[in-house]
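Some notes on the structure that comes next.
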């Protein structure tokens with residue numbers, strides 16, 4: 047099957063674009079009145095509080111701050127978490143925050159700019175720069191909390207926000223340690239497709255289409271949206287990882303109304319913010335701060351993690367989880383090595 051760059055930009059699906067109805071784009075006016083829904087159970091050892099803060103571009107970000115009910119320390123080590131790409135804080139990042147708060151951390155799970163409950167217009171766009179900045183803004187917020195030791199802050203990036211997390215650590219020297227799970231390098235995938243198989247002719251054609259789309263959007267005064275990254279139905283002959291995405295985003299297991307991957311779509315020109323702006327050029331400058339890269343043994347995305355591990359400088363560690371696929375590291379408590387994450391941050395947030 048050929049790799050379609052359009053799908054690569056919006057969660058990366060191999061083969062033909064699946065025919066499906068367009069979902070309605072999120073209505074921000076109704077967000078605050080909707081009943082809260084999380085895809086996991088809040089621990090009875092943890093509190094969760096809605097918070098907001100601004101990034102360097104003046105966009106108001108929405109987050110959930112998770113705190114241990116009975117902390118062992120007056121000043122807590124802190125973590126900021128986001129991802130997967132196209133997900134919301136009520137999904138995987140919140141689950142991670144819940145687990146790490148149980149282990150004694152102050153943890154902020156946040157919606158990236160232009161998505162979820164965070165601000166930014168138009169809705170559902172991504173940016174190599176702004177999504178990196180979102181992590182630094184989360185560190186701003188954590189460092190101002192009276193119960194947080196601002197010298198002991200780390201970050202976790204899941205899926206596509208693994209790449210943005212690494213980019214943030216390379217530039218933001220306040221961040222002491224970083225973990226990625228099921229990492230994607232979104233700009234690389236958007237520009238080159240899976241395994242870098244998109245050639246110059248194909249890339250040029252995609253860019254030409256997006257360039258013309260800009261005139262259409264300018265004339266209409268509003269952007270046009272594509273299809274939801276994941277199909278509404280599975281026929282059975284799709285690649286296994288497409289079935290895996292469906293099993294998480296489109297079923298009760300992980301569905302969330304505000305999630306692009308569950309219920310919305312990226313703009314058709316979203317690639318303008320990604321395809322010509324690589325994010326991991328300065329990966330070696332994370333050193334001497336430590337990196338822990340975690341990937342599933344059977345994950346279609348595993349090569350992203352392996353390539354970044356090779357490119358990064360010490361100290362670094364690559365952990366491959368046996369019998370795990372990409373989405374297993376979204377929510378499978380029997381697969382995600384939370385005790386390993388705890389030990390890593392306890393040792394390195396100093």
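Residue numbers (the numbering used here): 47 to 396. Just so you know, even glycine gets a beta-carbon here, dropped at the ideal spot from N, CA and C. Keep in mind it's a predicted model, so treat the numbers as computed, not measured.
If you draw a 10 Å sphere on the C-beta of residue 258, you find fewer than 16 other C-beta atoms in it, and that means exposed. Rounded to whole angstroms, residue 379 and residue 373 show a C-alpha spacing of 12 Å. Looking at the DSSP output, residue 128 bridges to 203.
The alpha carbon of residue 217 has as its nearest neighbour, out of 326, 383, 101, the alpha carbon of 326.
Residue 291 is classed as buried because its beta carbon has at least 16 other beta carbons within 10 Å across all chains shown. Contact between the segment 198–214 and the segment 104–112 is absent, with fewer than three C-beta pairs closer than 8 Å. Looking at the DSSP output, residue 145 bridges to nothing.
With respect to the 8 Å criterion, residue 307 and residue 285 are not classified as neighbours on the basis of their beta carbons. Looking only at 206, 214, 330, the smallest Cα-Cα distance to residue 130 is reached by 206.
By the CB criterion at 8 Å, residue 141 and residue 377 fall inside the cutoff. Counting along the chain, residue 337 sits inside the beta strand (DSSP E) bounded by residues 337–342. Residue 302 and residue 253 have their C-alpha atoms roughly 31 Å apart. Between residue 343 and residue 385, the gap from beta carbon to beta carbon reaches 8 Å or more. Check the Cα spacing between residue 99 and each of 128, 169, 136, 185: the tightest is with 185. Residue 296 is not bridged by DSSP to any residue. Cβ neighbours of residue 193 within its own chain (closer than 8 Å, five residues either side excluded): 113, 117, 120, 121, 122, 152. The Cβ atoms of residue 89 and residue 148 lie closer than 8 Å to each other. Residue 265 counts as exposed, since fewer than 16 other beta carbons sit within 10 angstroms of its beta carbon. DSSP, reduced to helix, strand and coil, places residue 109 within a strand of the structure shown. In the DSSP assignment, residue 358 falls outside any alpha helix (DSSP H) and carries neither an H nor an E. Here residue 357 is not near residue 348, since their CB atoms are 8 Å or more apart. Residue 268 carries a coil assignment under DSSP once its states are collapsed to helix, strand and coil.
Counting only unbroken stretches of 4 or more residues, the alpha helix (DSSP H) elements lying wholly within the segment 199–268 are 206–217, 232–238, 246–266, in sequence order. DSSP, reduced to helix, strand and coil, places residue 365 within a strand of the structure shown. Residue pairing of residue 156 in beta bridges, as defined by DSSP: 109.
Distance check between residue 165 and each of 212, 336, 105, 177 places 105 closest, using alpha-carbon atoms only. The three-state secondary structure of residue 304, taken from DSSP, is coil.
The continuous alpha helix (DSSP H) containing residue 181 extends over residues 174–189. Ranking 281, 208, 160, 250 by CA distance to the CA of residue 101 puts 160 first. Cβ neighbours of residue 84 within its own chain (closer than 7 Å, five residues either side excluded): 136, 140.
Apart from the 5 residues on each side of it in sequence, residue 144 sits with its Cβ closer than 7 Å to the Cβ of 86, 88, 89, 92, 112 in its chain, given in chain order. The C-alpha of residue 287 lies about 24 Å from the C-alpha of residue 212. When 359, 360, 345 are compared, the shortest CA-CA separation from residue 366 is found for 345.
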